[in-house]
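Residue numbers (the numbering used here), protein chains in the order written: chain A, 11 to 158; chain B, 676 to 1269.
1. Return the chain-ordered list of same chain residues with a C-beta closer than 7 angstroms to the C-beta of residue 1186/B, the five sequence neighbours on each side being excluded.
2. Exposed or buried, which one is residue 754/B when buried takes at least 16 other CB atoms within 10 Å?
3. Quick test of your reading: residue 700/B and residue 770/B, contact by CB under 8 angstroms. State the CB separation rounded to the nearest angstrom.
4. Rounded to a whole number of angstroms, what is the C-alpha to C-alpha distance between residue 1048/B and residue 1130/B?
5. With the cut-off set at 9 angstroms, would you say residue 1075/B and residue 125/A are in Cβ contact?
6. List the endpoints of the continuous beta strand (DSSP E) containing residue 1215/B.
7. Classify residue 89/A as helix, strand or coil using the three-state DSSP reduction.
8. Return the residue from the list 79/A, 65/A, 57/A, 82/A that minimises the CA-CA distance to residue 100/A.
9. Taking all protein chains shown into account, do 16 or more other C-beta atoms lie within 10 angstroms of the C-beta of residue 902/B, making it buried, or fewer, making it exposed?
10. What residues from chain A crowd round residue 1095/B, counting only those whose CB sits closer than 8 angstroms?
11. Got a sec? Which residues, its chain only, sit under 6 angstroms from residue 726/B by beta carbon, not counting five neighbours each side?
12. Which residues in the same chain have their Cβ closer than 6 angstroms to the Cβ of residue 1090/B, if we skip the five residues on either side of it in sequence?
13. Tell me, to the nearest whole angstrom, how far the beta carbon of residue 68/A is from that of residue 110/A; I am working on the premise that it is less than 8 angstroms.
14. Short of 6 angstroms in beta carbon distance, which residues of its chain neighbour residue 1202/B, apart from the five on each side in sequence? Order them along the chain.
15. Using CA coordinates, which residue listed in 1208/B, 1227/B, 1127/B is at the minimum distance from residue 1174/B?
16. In the DSSP assignment, what are the bridge partners of residue 1097/B?
17. Below 6 angstroms CB to CB, which residues in the same chain sit around residue 80/A once its five sequence neighbours on both sides are set aside?
18. Looking at C-alpha atoms only, which residue of 963/B, 729/B, 1191/B is the closest neighbour of residue 144/A?
19. For the alpha helix (DSSP H) containing residue 47/A, list its first residue and its last residue.
20. Does DSSP put residue 1112/B in a helix, in a strand, or in coil?
21. Rounded to the nearest angstrom, what separates residue 1107/B and residue 1124/B at their Cα positions?
22. Could you check what DSSP says for residue 975/B in three-state terms: helix, strand or coil?
23. Along chain B, which residues have their Cβ under 8 angstroms away from the Cβ of residue 35/A?
24. Using a Cβ-Cβ cut-off of 9 angstroms, state whether residue 132/A counts as contacting chain B.
25. Excluding the five sequence neighbours on either side, which residues of its own chain have a C-beta within less than 8 angstroms of the C-beta of residue 55/A, listed in chain order?
26. According to DSSP, is residue 81/A part of a helix, a strand, or is it coil?
27. Can you tell me whether DSSP reads residue 777/B as helix, strand or coil?
28. Give the range of the beta strand (DSSP E) segment to which residue 747/B is assigned.
29. List, in order along the chain, the chain A residues whose C-beta lies closer than 9 angstroms to that of residue 1254/B?
30. When you compare only the Cα positions, how much space is there between residue 860/B and residue 807/B?
31. For residue 104/A, would you say it is in contact with chain B, using Cβ-to-Cβ distances shorter than 9 angstroms as the test?
32. Classify residue 809/B as buried or exposed, calling it buried when 16 or more other Cβ atoms lie within 10 Å of its own Cβ.
33. Could you tell me which chain A residues have their CB closer than 7 angstroms to the CB of residue 1192/B, listed as they occur along the chain?
34. Just grab the DSSP bridge partners of residue 107/A for me.
35. Can you find a CB in chain B that lies within less than 9 angstroms of the CB of residue 66/A?
36. Tell me the DSSP secondary structure of residue 1184/B in three-state form.
The following block contains the structure:
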């Protein structure tokens, strides 16, 4: 699968992690990848086990139960330049996130691109490039470079 | 020093070879037991309940099934599924046309064929047009398999038959002149050095199976698995030991005798190396009694517990087996008691010796002693790991990311272990598994796979644990690797010139049009580093027009942004770095701030 320009939203400002997840989820809904119920399952999953991955990125996705709401595989990107804290409210450590990848995966079709994202984002300077990206195309181009 | 090193590399070599041999046997122990039980119970006319029909199973199991499984496993160890298949095909060539069970032949043809296939694949894989992979895969294996099976039939089989005959003549001779017990003088010290599996499954079990096939039982199965010597030593500790070694001995004795886990008594012997004499005396006695009194097993007793031994004991040899085990225990008890009585140590060194044992075990498995930090994850050795699984809640996102990262790192480090991901609920408990999870999921994963090695990471993307894991696996393949370079040369001080750190009241990163996100991240990373270093100066991200022109501001920028800053401000202090997130200068700045 490929990352679609329409699934990338840049320069967003959100007050809470739930809102960041909802935004990433809404992109998946708008892209025809999931039913709206999937968003609640994304929130539930993040409350259960955080989808904060370190290096300023988070990859919210649904729970196992939420898989039934997936219509097709898709990945959305929300860039939050000012950052949003993904830590639990009762936790005093900060888990700042600047790039959110919303994920809906069926039959492992998303693994290719997810692995590109993982390898790319394991270098924090690359995450900075994503956080500074000025156009959806730039995000796509950045992630494309991986593995070449 | 050099000699010591040589010694240890020989030990590692023996251990590696032994591990390889026992690796072919280990997964098939179950099949060997199935055959052993069938033979013990139903063999005509010697079984407990002779049955002529079931008897038909016994020979094909021994002659075909077991060698094929071993050839299959041996091939699999070299080249996964393809290796396994060709290993089995080629092994058949050694089996056919002989009545002797071809274990050794299987242990040679299995890995050898897989290795050849791998070489062939390497040579051709690039040249195959896409769409033809399947045809290539099947026919290359088929054709090579045919050639190897024929080769094995005409060349390897005769060699094996001759070799087997000589070996059995040798073993027979040793048994006939009652010299077999002397072998224990070598076996016991080797056991304590954790070569027990290598000796047991690598040498004694294959020979024992051949002997058992001929005469219905073999003493060879008992030589390493006999729990008597260990039991005697532990009993001696119970009565004459001191301190913690005395109080821990009863539990260890139960595990040794009923659980058959010999490793449990090794630390006690290491604590007092002269106790090896007790183990040797016990082992020699046991084997002597087994041979004289007609003891013997129908199949390998694994683990070497009294229960397993009784379960696979040949009909009519219970007496010999029990007397042998208890005789061994009594003799080793007496010798150990004498040694311990003369001992003046306090006995509190047990903990330390146990530590030493752990490091020996890791050394003998070709692994560096792990640091205290990951001691928890080294309870089970990396040498046993056959695959790595990342587990998360749904198996959709985070685990997939972690898996692809580690796969990438493995690839770069030349480690050939499969790395996959799954949902925690799909985890299966198997040996040789390393499970990596987020900290929150560790408990759930442990419930699903209690026998797997567990590593928890807080941060899937940049966990230092990955590099530890890679280093541990690498250490396995490159035991002789040079030690890490001595401490890095101290970084030169004074790279930051002309900054008056005493005036700084606030550190700033600049948010400007195209660098909003990275400034946010740099601020977060820097204030994190400050907090860790116990520094109190606040760190803020600001817009370029939000600053007071005052030396109390220390602004960290990239060279490109410095120009802009200079146009607006005269008095603020500026440091340029090439990389806002990872520049080495940042660490020095933290050090100098308040």
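Cβ coordinates follow ideal geometry from the N, Cα and C atoms, glycine included.
Please read all numbers here as calculations on a predicted model, not as lab measurements.
In short, the structure shows the following:
1. 1194, 1216, 1217, 1218
2. buried
3. About 17 angstroms; that fails the 8 angstroms criterion.
4. Note on residue 1048/B: pLDDT 37, under 50, position unreliable in the model; no value is reported.
5. In contact: residue 1075/B and residue 125/A (Cβ atoms closer than 9 angstroms).
6. 1214-1218
7. Reduced to three states, the DSSP call for residue 89/A is strand.
8. 57/A
9. buried
10. Result: empty, since nearest Cβ-Cβ is about 10 angstroms, beyond 8 angstroms.
11. 717
12. 1148
13. At roughly 5 angstroms, the Cβ-Cβ gap stays under 8 angstroms, so residue 68/A and residue 110/A are in contact.
14. 1214
15. 1227/B
16. According to DSSP, residue 1097/B shares a beta bridge with 1066/B.
17. Correct list, in chain order: 44, 114, 116.
18. 1191/B
19. 47-58
20. strand
21. Each residue's alpha carbon lies about 11 angstroms from the other.
22. coil
23. In chain order: nothing, as chain B lies at least about 13 angstroms away.
24. yes
25. Excluding the 5 residues flanking it on each side, residue 55/A has same chain C-beta neighbours closer than 8 angstroms at 61, 70, 71, 72, 73, 76, in chain order.
26. coil
27. coil
28. Per DSSP, residue 747/B belongs to no beta strand (DSSP E); it is in the alpha helix (DSSP H), 741-770.
29. 135, 138
30. Taking C-alpha positions only, residue 860/B is separated from residue 807/B by approximately 58 angstroms.
31. yes
32. exposed
33. 89, 91, 108, 138, 141, 142
34. 94/A
35. yes
36. strand
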